[in-house]
Amino acid sequence: MLDQVLAYFPPHTHPISLVSDPDDLLGDEQLLAVLAERGFRLIAEHDPIAVRYSIQQLLPISAEMPVIIVTAGPLDALPYDLWQQGYHVVLALHQFFPDIAYPALRELSPGQRHRLSAAQAKLGKPLQALAYRDSLDYLLQMVFAVEPGRLRSSADWLAWLDGYHARNDPMSPVLAQHLGSRLRQFALLASLPIDAMLQDATAYHRFVQEEWLKYLHKQVRERSEVAYAPEPMLPFEADPALHDLLPRLVRTGTLTPVALVNAATLPSWTRPAVVPHSADLRRQQFAEGVAWLEQQIAPNASAATSSLRWEQWQLVARRWAQLSNWRAAPDGGLDQDHLNRYHLLQAHLDEQFAHWLRANYATLATRALPVPHHLHHIPGWLAYQRQQQPDQRVALLVLDGMSLADWLHIRDLWQTRHPDWRIADRLVLAQIPSMTAISRQALISGKRPAQFEPTLLHNRHEERHWSSFWQLHGLAPDAIAFAHLATQREAAYPDRIQSRRIQALCLISSVIDAKVHNESQGASGWQATLGVWLHVNDGQHQPVAWLEGLIKHLFNLRYTVVVTSDHGHVEARGMGVPQEGVLVESRSKRARVYSNPDIVRVVQMQFADTIVWTDDGLLPAQTQVMMPQGRRAFAPAGELVISHGGLTIEEMAVPLITITQS
Numbered sequence: 018m019l020d021q022v023l024a025y026f027p028p029h030t031h032p033i034s035l036v037s038d039p040d041d042l043l044g045d046e047q048l049l050a051v052l053a054e055r056g057f058r059l060i061a062e063h064d065p066i067a068v069r070y071s072i073q074q075l076l077p078i079s080a081e082m083p084v085i086i087v088t089a090g091p092l093d094a095l096p097y098d099l100w101q102q103g104y105h106v107v108l109a110l111h112q113f114f115p116d117i118a119y120p121a122l123r124e125l126s127p128g129q130r131h132r133l134s135a136a137q138a139k140l141g142k143p144l145q146a147l148a149y150r151d152s153l154d155y156l157l158q159m160v161f162a163v164e165p166g167r168l169r170s171s172a173d174w175l176a177w178l179d180g181y182h183a184r185n186d187p188m189s190p191v192l193a194q195h196l197g198s199r200l201r202q203f204a205l206l207a208s209l210p211i212d213a214m215l216q217d218a219t220a221y222h223r224f225v226q227e228e229w230l231k232y233l234h235k236q237v238r239e240r241s242e243v244a245y246a247p248e249p250m251l252p253f254e255a256d257p258a259l260h261d262l263l264p265r266l267v268r269t270g271t272l273t274p275v276a277l278v279n280a281a282t283l284p285s286w287t288r289p290a291v292v293p294h295s296a297d298l299r300r301q302q303f304a305e306g307v308a309w310l311e312q313q314i315a316p317n318a319s320a321a322t323s324s325l326r327w328e329q330w331q332l333v334a335r336r337w338a339q340l341s342n343w344r345a346a347p348d349g350g351l352d353q354d355h356l357n358r359y360h361l362l363q364a365h366l367d368e369q370f371a372h373w374l375r376a377n378y379a380t381l382a383t384r385a386l387p388v389p390h391h392l393h394h395i396p397g398w399l400a401y402q403r404q405q406q407p408d409q410r411v412a413l414l415v416l417d418g419m420s421l422a423d424w425l426h427i428r429d430l431w432q433t434r435h436p437d438w439r440i441a442d443r444l445v446l447a448q449i450p451s452m453t454a455i456s457r458q459a460l461i462s463g464k465r466p467a468q469f470e471p472t473l474l475h476n477r478h479e480e481r482h483w484s485s486f487w488q489l490h491g492l493a494p495d496a497i498a499f500a501h502l503a504t505q506r507e508a509a510y511p512d513r514i515q516s517r518r519i520q521a522l523c524l525i526s527s528v529i530d531a532k533v534h535n536e537s538q539g540a541s542g543w544q545a546t547l548g549v550w551l552h553v554n555d556g557q558h559q560p561v562a563w564l565e566g567l568i569k570h571l572f573n574l575r576y577t578v579v580v581t582s583d584h585g586h587v588e589a590r591g592m593g594v595p596q597e598g599v600l601v602e603s604r605s606k607r608a609r610v611y612s613n614p615d616i617v618r619v620v621q622m623q624f625a626d627t628i629v630w631t632d633d634g635l636l637p638a639q640t641q642v643m644m645p646q647g648r649r650a651f652a653p654a655g656e657l658v659i660s661h662g663g664l665t666i667e668e669m670a671v672p673l674i675t676i677t678q679s
């Protein structure tokens, strides 16, 4: 299908292409990357005024510098002058998959359509047109490699689920419901929480972990005459196929090994998932995580050959965040070999992720719904959610500077303290450069930086941006609220959140970012600082419990709470500080913003280990950003800092969390 779609867009031919794409066929990441290589710039705006503005930003337009204007509606609904001069293309799923029921096809994500096309190229197309339910069965087999009749045992089910969740591209609720109804026909699976395991990777991991603990408790009970231990639903003891599957479950992170003093008394097949000491557990987890990441990142391959899509990069980011937390923990217990492998992996990760950003970052900015990819998509995503539930009140809580690694600690704490909170998270990309002034402003305004150029380098107009966005989406001014949260220990919650008229609320907390910028002991020091904030009430500073109380209060006011960050942060080593004075527009330790390319060239001659980021279609046309390569910083040579602004996965991949109360 990729080649078929690309055939509509030959390079150096049509200055303006108008595309009706109701099924989002141009949303495929690989397709967008190839179009970008051919020189195409995409405009995917719903508002005609925004389309005009984007065209002005992309001038000059020619066959060598072409533009694709995408609409979900008919082409004749576009402004007449564009319709008259544009090359017309209509894309629809049934053109490429005519034998599959159209409603079933619409259940696939762009990545899943890509897999369907690849599977048909290898195995062939249906011999006849398929009805709706037959189409669902066909898609399950071709896209997800699942035939319900072959998943007859717990081991079959877990083995398939492990590969399914490893893609991080879940099937739609309709497909999941269809598969679940088929699987419940088999007695060995009927008692399992099939729907939860299928729709939520976290629920799947938690279930397998709990079942493994039940098995171990049962063994302890039999050996020590403990009165009671719950009976596991997964037949670990009796099923040799589960024995064989155990090493894979540990390797992929589905199952965390358990520290057990009498581990040596257990059967030999249990050894991959039990260790005698907690220190051994951490070392084993770290080694398994490094091995998994080495498979994904392929250290021996060049950055240009990496085929990871954003869905896979999200899994890499999560596993890397966990590894980084273990590496920086004061009681990590890691030996030098572990650390050497970690640092080698880090270098390859930085190189490959930066290369992927250059190829895909700008094009993913066109994929805003139904799943946000960039921070500036989040307000539009919230508005989309309110369209589905018009009475929904949304509260966006921005924890300035919270990295994914920080969130892993916070999530574990909140899940323990608040078992009634339902927490779902995904990752989005911060704005480049990942500086507060630019990235947070993009998040709150719902705009690309080029659209707020007059306020690019400061945050003084964020409340105006937030209000303007929601007024454009039909809310009255008094239904919109914005507030910076106080950082004092006993501070009151903002008065405005009490109003029953508020439908869209934005709250900014700078507690984490302030602590990050005060950190002088690197990643290990930051881990200690974060641990104190999370677990120690020192009587002086605002504890994390203050935020938990705020979230509870928002629940009481019937808000759906969405938590996110404007950027992460990374440990970096100083490489010296440029002395360009007033010629730099904005400066931080990980990025410097210029408007004069001549100044950039002069500074880069002095600091060769830097990257210049410009002309990405998101930043203003004249803006040039200089960033250190890898994990260096514009700080005194050798100084260890925690900062943000650059291109590492820690700075760029930030969590987007929805919290509701069950």
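Going by my numbering, the first residue of the sequence shown is number 18, and it counts up by one from there.
Every residue gets a Cβ at the ideal spot worked out from N, C-alpha and C, and that includes glycine.
- prompt: Which residues in the same chain as P91 place their Cβ atom closer than 8 Å to its Cβ, once the five residues preceding and following it in sequence are excluded?
  reply: Looking up residue 91 in the sequence shown gives position 74. Contacts found: S37.
message: Please classify Q129 as buried or exposed, where buried requires at least 16 neighbouring CB atoms within 10 angstroms.
response: Mapped onto the sequence shown, residue 129 falls at position 112. Label assigned to Q129: buried.
message: Short of 7 Å in beta carbon distance, which residues of its chain neighbour R384, apart from the five on each side in sequence? Order them along the chain.
response: As a first step, residue 384 is located in the sequence shown; it is residue number 367 there, counting from the start. These residues qualify, in order along the chain: G44, H390.
task: Ignoring anything shorter than 4 residues or poking outside the stretch 514-557, list the alpha helix (DSSP H) runs there in chain order.
output: 528-534, 539-552
query: Whole beta strand (DSSP E) runs in the stretch 604-671 with 3 or more residues, listed along the chain?
result: 609-611, 627-631, 641-645, 657-660
message: Rounding to the nearest angstrom, what Cα-Cα distance links Q678 and K464 in this structure?
response: On the sequence shown, position 661 is the one that residue 678 refers to. On the sequence shown, position 447 is the one that residue 464 refers to. Distance between the alpha carbons of Q678 and K464 is about 30 Å.
message: Measuring alpha carbon to alpha carbon, tell me which residue in I676, L421, Q47, E81 is nearest V411.
response: On the sequence shown, residue 411 is found 394 positions in, with the first residue counted as 1. Nearest option by C-alpha distance: I676.
message: Taking the beta carbon of S605 as the centre, do at least 16 other beta carbons fall within 10 Å, making it buried, or is it exposed?
response: Locating residue 605 in the sequence shown gives position 588, where the first residue counts as 1. Result: buried.
message: Mapping the DSSP letters down to three states, classify R336 as helix, strand or coil.
response: Within the sequence shown, residue 336 is the residue found at index 319, counting from 1. Correct three-state label for R336: helix.
field: Simplified DSSP state of I461, which is helix, strand or coil
entry: Walking along the sequence shown from the start, residue 461 turns up at place 444. Note: I461 maps to helix in three-state DSSP.
query: Can you give the Cα-Cα distance for P32 and H372, rounded to whole angstroms?
result: Taking the sequence shown and counting its residues from 1, the one referred to as residue 32 is at position 15. Taking the sequence shown and counting its residues from 1, the one referred to as residue 372 is at position 355. Rounded to the nearest angstrom, the two C-alpha atoms are 28 Å apart.
query: Expressed to the nearest angstrom, what Euclidean distance is found between the alpha-carbon atoms of H131 and H234?
result: Stepping through the sequence shown from its first residue, residue 131 is reached at position 114. Stepping through the sequence shown from its first residue, residue 234 is reached at position 217. For H131 and H234, the distance between alpha carbons rounds to 45 Å.
Proximity of L351 and R300 at Cβ, strictly below 8 Å: Residue mapping note: residue 351 aligns to position 334 of the sequence shown, counting from 1. Residue mapping note: residue 300 aligns to position 283 of the sequence shown, counting from 1. Taking 8 Å as the Cβ cut-off, L351 and R300 qualify as a contacting pair.
field: Inter-residue Cα distance where the pair is E667 and A441
entry: Taking the sequence shown and counting its residues from 1, one reaches residue 667 at position 650. Taking the sequence shown and counting its residues from 1, one reaches residue 441 at position 424. So the alpha carbons of these two residues sit roughly 20 Å apart.
task: Find the nearest neighbour of A121 within the set R575, E46, L156, judged by alpha-carbon distance.
output: Taking the first residue of the sequence shown as 1, we reach residue 121 at position 104. The candidate whose alpha carbon is nearest that of A121 is L156.
query: Which class does H391 belong to by DSSP, given the choice of helix, strand or coil?
result: In the sequence shown, the residue the question calls residue 391 occupies position 374. In the structure shown, H391 sits in a strand (DSSP, three-state: E or B).
query: Is it true that the CB of G634 sits closer than 8 Å to the CB of A379?
result: The residue you call residue 379 lines up with position 362 of the sequence shown. The residue you call residue 634 lines up with position 617 of the sequence shown. Cβ distance < 8 Å, so A379 and G634 count as in contact.
- prompt: Whole-angstrom Cβ separation of H661 and H584, contact assumed at under 8 Å?
  reply: Position 644 of the sequence shown, counted from the start, is the residue given in the question as residue 661. Position 567 of the sequence shown, counted from the start, is the residue given in the question as residue 584. Indeed, because the Cβ distance is near 5 Å, the residues count as touching under 8 Å.
- request: Mind reading off the beta-carbon distance from A258 to S170? Whole number of angstroms is fine, and I expect it under 8 Å.
  value: Taking the first residue of the sequence shown as position 1, residue 258 is located at position 241. Taking the first residue of the sequence shown as position 1, residue 170 is located at position 153. Indeed they touch by this definition, with Cβ atoms about 7 Å apart.
message: By the three-class DSSP mapping on this structure, what secondary structure does G270 have?
response: Translated into the one-based positions of the sequence shown, residue 270 becomes position 253. Here G270 sits in coil by DSSP.
- request: May I have the straight-line CA-CA distance separating F203 from L147, to the nearest angstrom?
  value: The sequence position of residue 203 within the sequence shown is 186, counting from 1. The sequence position of residue 147 within the sequence shown is 130, counting from 1. Distance between the alpha carbons of F203 and L147: 25 Å.
- request: Can you give me the start and stop residues for the alpha helix (DSSP H) that T433 sits inside?
  value: As a working mapping, residue 433 is identified with position 416 in the sequence shown. Start and end: 421-434.
query: Going by Cα to Cα distance, which pick from S189, A136, E227, T271 is closest to L175?
result: Within the sequence shown, the letter at position 158 stands for residue 175. Ranking S189, A136, E227, T271 by Cα distance to L175 puts T271 first.
- request: State the DSSP-derived secondary structure class of A244, mapped to helix, strand or coil.
  value: Here residue 244 corresponds to residue number 227 of the sequence shown, with the count starting at 1. Confidence at A244 is low in this model, with a pLDDT of 49, below 50, so the placement of that residue is unreliable and no value is reported for it.
query: Using the C-alpha atoms, what's the distance from Q331 back to I659?
result: The sequence position of residue 659 within the sequence shown is 642, counting from 1. The sequence position of residue 331 within the sequence shown is 314, counting from 1. In a straight line, the C-alpha of I659 is about 22 Å away from that of Q331.
- prompt: Considering only the beta carbon of each residue, do M643 and T627 sit closer than 8 Å?
  reply: For the purposes of this step, residue 643 is taken as the residue at position 626 of the sequence shown. For the purposes of this step, residue 627 is taken as the residue at position 610 of the sequence shown. For M643 and T627, yes; Cβs fall inside 8 Å.
field: CA-to-CA distance, H360 to P353, given in whole angstroms
entry: As a working note, residue 353 is residue 336 in the sequence shown. As a working note, residue 360 is residue 343 in the sequence shown. Checking the displayed sequence, the identity of residue 353 turns out to be Gln instead of Pro. Cα to Cα, Q353 sits roughly 11 Å from H360.
field: Own chain residues within Cβ distance below 7 Å of P165, not counting five before or after
entry: Within the sequence shown, residue 165 is the residue found at index 148, counting from 1. Cβ within range, chain order: L196, R199, L200.
field: Nearest-angstrom Cβ-Cβ length linking E565 and R434, presumed shorter than 8 Å
entry: If you number the sequence shown from 1, residue 565 lands on position 548. If you number the sequence shown from 1, residue 434 lands on position 417. E565 to R434, Cβ: 7 Å. Contact.
message: Closest to N185 by C-alpha separation, out of L444, P466, D495, G542, would be which residue?
response: By one-based count along the sequence shown, residue 185 stands at place 168. Out of L444, P466, D495, G542, L444 has the C-alpha closest to the C-alpha of N185.
query: Quick one, which of S451, P115, F469, L168 has its alpha-carbon nearest S152's?
result: For the purposes of this step, residue 152 is taken as the residue at position 135 of the sequence shown. Selected option, being the one with the closest Cα: P115.
- prompt: Ends of the alpha helix (DSSP H) at S134?
  reply: On the sequence shown, residue 134 is found 117 positions in, with the first residue counted as 1. Here the alpha helix (DSSP H) through S134 covers 127-140.
query: So, L356 versus V333, is the Cβ gap smaller than 8 Å?
result: Locating residue 356 in the sequence shown gives position 339, where the first residue counts as 1. Locating residue 333 in the sequence shown gives position 316, where the first residue counts as 1. For L356 and V333, no; Cβs fall outside 8 Å.
query: Would you say the stretch 639-655 touches the stretch 550-569, given that touching needs at least three Cβ pairs under 8 Å?
result: no
field: Delimiting residues of the alpha helix (DSSP H) encompassing H365
entry: One-based indexing of the sequence shown puts residue 365 at position 348. Per DSSP, H365 belongs to the alpha helix (DSSP H) from 353-381.
message: So for Q678, helix, strand or coil by DSSP?
response: Taking the sequence shown and counting its residues from 1, one reaches residue 678 at position 661. Strand, per DSSP.
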